[in-house]
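Some notes on the structure that comes next.
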Amino acid sequence: MPELFGIPLPAFLSQLLLGLVNGSFYAILSLGLAVIFGLLNVINFNHGALYMMGAIFAWMGLTYFNINYWAMLIVAPILVGIFGMITERLLLKHLYKLDHLYGLLLTFGMTLLIEGFFRSFYGVSGLPYQVPEALSGATNLGFMILPNYRAWVVVASLVVCLGTWFVIERTKLGALLRAGTENPRLTEAFGVNVPLMVTLTYGFGTALAGFAGVLAAPILQIQPLMGSNLIIVVFAVVVIGGMGSILGSIVTGLGLGVIEGLTRVFWPEASSTVVFVIMAIVLLLRPAGLFGREK
Amino acid sequence: MNLPRQALLYVVLLAVVAALPALGVYPVFVMKLLCYALFACAFNLLIGFTGLLSFGHAAFLGGAAYAAGHALKVWGLPTELGLLTGIATGALLGLVMGALAIRRSGIYFSMITLALAQMLFFFFLQAKFTGGEDGLQSVPRGTLLGFIDLRDDLTLYYVVLGIFVLSFLLIYRTVHSPFGQVLKAIRENEPRATSLGYDTARFKLLAFVLSAALAGLAGATKTLILGFATLTDAHWSTSGLVILMVLVGGMGTMLGPIIGAIIIVSLENKVGDIGMFLGRVTGIEWFNGLGEAVTVVIGLIFVVCVMAFRRGVVGEFAAWWTRWRGGRAAAA
Numbered sequence: 018m019p020e021l022f023g024i025p026l027p028a029f030l031s032q033l034l035l036g037l038v039n040g041s042f043y044a045i046l047s048l049g050l051a052v053i054f055g056l057l058n059v060i061n062f063n064h065g066a067l068y069m070m071g072a073i074f075a076w077m078g079l080t081y082f083n084i085n086y087w088a089m090l091i092v093a094p095i096l097v098g099i100f101g102m103i104t105e106r107l108l109l110k111h112l113y114k115l116d117h118l119y120g121l122l123l124t125f126g127m128t129l130l131i132e133g134f135f136r137s138f139y140g141v142s143g144l145p146y147q148v149p150e151a152l153s154g155a156t157n158l159g160f161m162i163l164p165n166y167r168a169w170v171v172v173a174s175l176v177v178c179l180g181t182w183f184v185i186e187r188t189k190l191g192a193l194l195r196a197g198t199e200n201p202r203l204t205e206a207f208g209v210n211v212p213l214m215v216t217l218t219y220g221f222g223t224a225l226a227g228f229a230g231v232l233a234a235p236i237l238q239i240q241p242l243m244g245s246n247l248i249i250v251v252f253a254v255v256v257i258g259g260m261g262s263i264l265g266s267i268v269t270g271l272g273l274g275v276i277e278g279l280t281r282v283f284w285p286e287a288s289s290t291v292v293f294v295i296m297a298i299v300l301l302l303r304p305a306g307l308f309g310r311e312k
Numbered sequence: 013m014n015l016p017r018q019a020l021l022y023v024v025l026l027a028v029v030a031a032l033p034a035l036g037v038y039p040v041f042v043m044k045l046l047c048y049a050l051f052a053c054a055f056n057l058l059i060g061f062t063g064l065l066s067f068g069h070a071a072f073l074g075g076a077a078y079a080a081g082h083a084l085k086v087w088g089l090p091t092e093l094g095l096l097t098g099i100a101t102g103a104l105l106g107l108v109m110g111a112l113a114i115r116r117s118g119i120y121f122s123m124i125t126l127a128l129a130q131m132l133f134f135f136f137l138q139a140k141f142t143g144g145e146d147g148l149q150s151v152p153r154g155t156l157l158g159f160i161d162l163r164d165d166l167t168l169y170y171v172v173l174g175i176f177v178l179s180f181l182l183i184y185r186t187v188h189s190p191f192g193q194v195l196k197a198i199r200e201n202e203p204r205a206t207s208l209g210y211d212t213a214r215f216k217l218l219a220f221v222l223s224a225a226l227a228g229l230a231g232a233t234k235t236l237i238l239g240f241a242t243l244t245d246a247h248w249s250t251s252g253l254v255i256l257m258v259l260v261g262g263m264g265t266m267l268g269p270i271i272g273a274i275i276i277v278s279l280e281n282k283v284g285d286i287g288m289f290l291g292r293v294t295g296i297e298w299f300n301g302l303g304e305a306v307t308v309v310i311g312l313i314f315v316v317c318v319m320a321f322r323r324g325v326v327g328e329f330a331a332w333w334t335r336w337r338g339g340r341a342a343a344a
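Protein chains in written order, with the numbering used here: chain A, 18 to 312; chain B, 13 to 344.
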């Protein structure tokens with residue numbers, strides 16, 4: 018059996034793939050955080066809870082209404098996005114004039130509220146969700162066995178992330194969005210409905226979290242607290258990458274996922290902390306983050 | 013309020029707290045309250061008087077709780093040295109975390125403290141000396157200064173009250189010192205404080221370490237009282253809880269954190285009963301499980317406070333008091 022640094026190659030590659038899968042989630046979530054932060058100046062703490070909502074909606078859709086995975090992949094993010102837009106209009110909107118920390122505190126409170134709400138119905142044990150039939154099984158690539166669903170997660174996340182990048186950096190809509198980020202008052206003077214844009218952006222950012230949740234549903238434990246540890250890692254990812262650049266978020270997310278996966282091969286005990294250690298090192302060497310600009 | 017009247021208020025409050033065990037209140041519960049109140053006061057030193065929102069204070073509470081427990085149980089140190097170990101641990105963790113976190117400001121600061129605290133949480137989860145999921149159990153209380161036996165709840169009660177009062181005085185002195193004035197200047201306008209020649213990073217770090225050390229003292233005292241240290245103390249939800257205590261009580265007020273701690277800790281204890289009561293009255297089954305889902309209530313209070321009640325109990329009272337006095341002065 019071929020080996021790499023004393024580790025059997027298939028084991029090495031499967032951990033690498035697992036790292037890429039986790040990295041895909043980091044990338045989608047940190048991208049959503051960056052888009053929201055850019056326009057709203059709010060760090061959306063409940064991003065992890067919305068990711069959980071996406072997964073639970075997928076489960077509810079299948080269990081109660083018999084809606085399959087592919088439909089829920091579209092429906093759940095829309096529902097999460099609508100939920101996000103409602104909370105933005107009802108609550109978040111009133112805090113823009115205040116210190117940014119209130120936005121963080123509000124979304125933190127909402128995290129507890131959402132997680133506690135779902136916990137009171139479903140407890141903390143995982144809910145089962147099958148991999149959709151079209152993607153079950155694995156492909157033998159010769160040098161490794163590739164589980165189809167995991168490959169799909171990586172591809173789907175990359176497509177969504179790059180699609181978001183394209184819309185924001187290369188289209189008229191994205192240009193308006195960037196203008197709104199740069200100078201909301203001036204953009205409004207040009208006749209753009211900035212408050213509506215803010216709401217839609219928040220809806221889109223939260224929908225991304227919901228999308229990640231549906232992707233995660235068949236491979237991770239669906240349970241109300243699944244997002245809370247994840248979001249802290251994503252915060253570290255955001256600190257490492259900086260929120261200045263969209264491509265930066267994607268690259269940092271995927272890269273850190275891979276590093277985490279490799280750490281699991283060589284030093285399993287450190288795999289849960291390696292991202293935080295990297296964050297500390299980046300803070301010492303490049304406080305603004307790898308792709309960030311210090312304002 | 014002028015100073016003598018304020019001093020009188022504090023003395024009366026202290027007398028009431030000192031008399032509580034004689035009035036039949038369970039001393040261990042009050043001691044636990046005092047620990048959380050001290051924790052909240054330490055936290056308020058940062059958020060209320062320096063304008064830094066740390067999301068990682070559980071690391072200091074939990075880290076010091078483990079360190080003190082380990083010192084008392086495994087090393088067999090006398091109680092006072094056990095507490096000192098806790099304070100030193102809090103201060104050291106605060107120095108490392110603070111030095112990293114103050115390299116960024118605002119929201120990034122909060123995210124960094126949260127991430128570093130989570131790293132410590134995973135460390136405590138895996139390390140041998142913490143006992144992992146079981147926690148560090150049966151920590152002896154020992155004797156203070158070699159002759160005060162702390163196994164008696166009532167003796168310990170007055171020792172804990174003493175610790176709390178001394179710490180509160182230290183915080184009071186800090187806030188009202190020139191150092192405290194600089195901290196407030198940083199909170200109000202950091203670039204301006206910098207332009208006045210203050211090395212704001214050093215002031216922020218010093219405030220952070222002081223706050224962490226006091227949080228450490230709270231954690232060590234908590235271990236002493238309850239006889240155990242668990243992972244919950246170091247979990248991010250504890251960091252959230254202390255933020256809520258200070259928010260509910262009133263950021264940047266002296267008494268606010270204490271009142272906030274009393275409200276939140278009592279509520280956490282009672283929420284199951286309240287849920288049962290609501291379930292009985294309304295007949296909705298869901299309320300009966302409220303005790304299991306305390307986070308719903310905590311989250312709801314968070315949202316309500318941020319939306320409508322940002323000054324907290326003490327802040328709102330002070331505003332009302334000023335208006336009322338102002339109204340009376342105008343009428344006279």
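Each residue gets a CB set at the ideal place from its N, CA and C atoms; glycine is no exception.
Source: prediction; values computed, not measured.
Kindly indicate which residue of the options has the alpha-carbon position closest to the one of residue i.
| i | options | result |
| --- | --- | --- |
| Gly-239 (chain A) | A:Met-70, A:Leu-34, A:Phe-42, A:Ile-24 | Looking at the sequence shown, residue 239 (chain A) is not Gly but Ile. Checked all of A:Met-70, A:Leu-34, A:Phe-42, A:Ile-24; the closest Cα to Ile-239 (chain A) is A:Met-70. |
| Leu-128 (chain B) | B:Leu-112, B:Gly-143, B:Ala-83 | B:Leu-112 |
| Ala-44 (chain A) | A:Ile-267, A:Ser-288, A:Val-59 | A:Ile-267 |
| Ile-255 (chain B) | A:Leu-109, A:Gly-98, A:Leu-122, A:Glu-199 | A:Leu-122 |
| Val-148 (chain A) | A:Ala-168, A:Ser-142, A:Phe-135 | A:Ala-168 |
| Ala-330 (chain B) | B:Val-283, B:Met-263, B:Ala-100, B:Lys-282 | B:Met-263 |
| Leu-236 (chain B) | B:Arg-204, B:Ala-76, B:Val-309, B:Ser-66 | B:Ala-76 |
| Leu-32 (chain B) | B:Asp-165, B:Val-187, B:Phe-289, B:Gly-192 | B:Asp-165 |
| Val-170 (chain A) | A:Gly-306, A:Ser-41, A:Pro-27 | A:Ser-41 |
If you follow the alpha helix (DSSP H) that residue i is in, where does it begin and where does it stop?
| i | result |
| --- | --- |
| Asn-157 (chain A) | That residue, Asn-157 (chain A), is in no alpha helix (DSSP H); its beta strand (DSSP E) goes 155-157. |
| Leu-319 (chain A) | Examination of residue 319 (chain A) is not possible in this model, given that chain A is present from 18 through 312 alone. |
| Met-77 (chain A) | 64-82 |
| Trp-284 (chain A) | It is not in any alpha helix (DSSP H) - Trp-284 (chain A) carries neither H nor E in the DSSP assignment. |
| Leu-108 (chain A) | No alpha helix (DSSP H) contains Leu-108 (chain A), which DSSP labels as neither H nor E. |
| Pro-269 (chain B) | 268-294 |
| Ser-207 (chain B) | 202-207 |
| His-69 (chain B) | 69-85 |
| Gln-238 (chain A) | No alpha helix (DSSP H) holds Gln-238 (chain A); DSSP gives it neither H nor E. |
Taking 7 Å as the cut-off, does the CB of residue i come closer than this to any heavy atom belonging to the ligand GDP?
| i | result |
| --- | --- |
| Leu-34 (chain A) | Absent from the structure shown: the ligand GDP. Ligands present: none. |
Residues in the same chain with beta-carbon distance under 6 Å from residue i, minus the five sequence neighbours each way, listed in chain order, please.
| i | result |
| --- | --- |
| Met-260 (chain A) | Ala-51, Phe-54 |
| Ala-75 (chain A) | Met-89, Ala-93, Val-231, Ala-234 |
| Ile-114 (chain B) | Ala-213, Lys-216, Leu-217 |
| Leu-267 (chain B) | Val-326 |
| Ser-245 (chain A) | Gly-65 |
With burial defined as no fewer than 16 other Cβ atoms inside 10 Å of the residue's Cβ, what is the status of residue i: buried or exposed?
| i | result |
| --- | --- |
| Lys-312 (chain A) | Confidence in Lys-312 (chain A) is poor, its pLDDT being 47 and thus under 50, which makes the residue's placement unreliable; the coordinate value appears in the next sentence. By the 10 Å Cβ count, Lys-312 (chain A) comes out exposed. |
| Phe-41 (chain B) | exposed |
| Leu-45 (chain B) | buried |
| Tyr-78 (chain B) | buried |
| Arg-153 (chain B) | buried |
| Arg-340 (chain B) | exposed |
| Ser-137 (chain A) | buried |
| Leu-301 (chain A) | exposed |
| Leu-64 (chain B) | buried |
Rounding to the nearest angstrom, what Cα-Cα distance links residue i and residue j in this structure?
| i | j | result |
| --- | --- | --- |
| Ile-131 (chain A) | Trp-182 (chain A) | 29 Å |
| Asn-165 (chain A) | Thr-128 (chain A) | 33 Å |
| Ser-122 (chain B) | Thr-156 (chain A) | 44 Å |
| Met-102 (chain A) | His-111 (chain A) | 13 Å |
| Phe-308 (chain A) | Leu-175 (chain A) | 19 Å |
| Gly-6 (chain A) | Ala-226 (chain A) | Missing from the structure shown is residue 6 (chain A); chain A here goes from 18 to 312 and no further. |
| Phe-299 (chain B) | Gly-126 (chain A) | 20 Å |
| Asn-85 (chain A) | Ser-31 (chain A) | 28 Å |
| Asn-58 (chain A) | Phe-221 (chain A) | 15 Å |
| Leu-181 (chain B) | Phe-61 (chain B) | 15 Å |
| Phe-134 (chain A) | Gly-311 (chain B) | 10 Å |
If you drop the 5 nearest sequence neighbours on each side, which residues of the same chain put their C-beta closer than 8 Å to that of residue i?
| i | result |
| --- | --- |
| Val-292 (chain A) | Val-250, Ala-253, Val-254, Ile-257, Leu-273, Ile-276, Glu-277 |
| Met-171 (chain B) | Note on identity: in this sequence residue 171 (chain B) is Val, with Met being the wrong assignment. Cβ neighbours of Val-171 (chain B) beyond the five flanking positions: Leu-156, Ile-160, Leu-162. |
| Thr-334 (chain B) | none |
| Trp-332 (chain B) | none |
Using a Cβ-Cβ cut-off of 7 Å (strictly less than) and excluding sequence neighbours within five positions of residue i, which residues of its own chain qualify?
| i | result |
| --- | --- |
| Gln-18 (chain B) | none |
| Met-243 (chain A) | Met-69, Ala-72, Leu-237 |
| Leu-395 (chain A) | With chain A covering only 18 through 312, there is no way to say anything about residue 395 (chain A). |
| Arg-244 (chain B) | Reading off the sequence, residue 244 (chain B) comes out as Thr, not Arg. The residues are Thr-250. |
State the start and end residues of the unbroken beta strand (DSSP E) segment that holds residue i.
| i | result |
| --- | --- |
| Pro-164 (chain A) | 162-164 |
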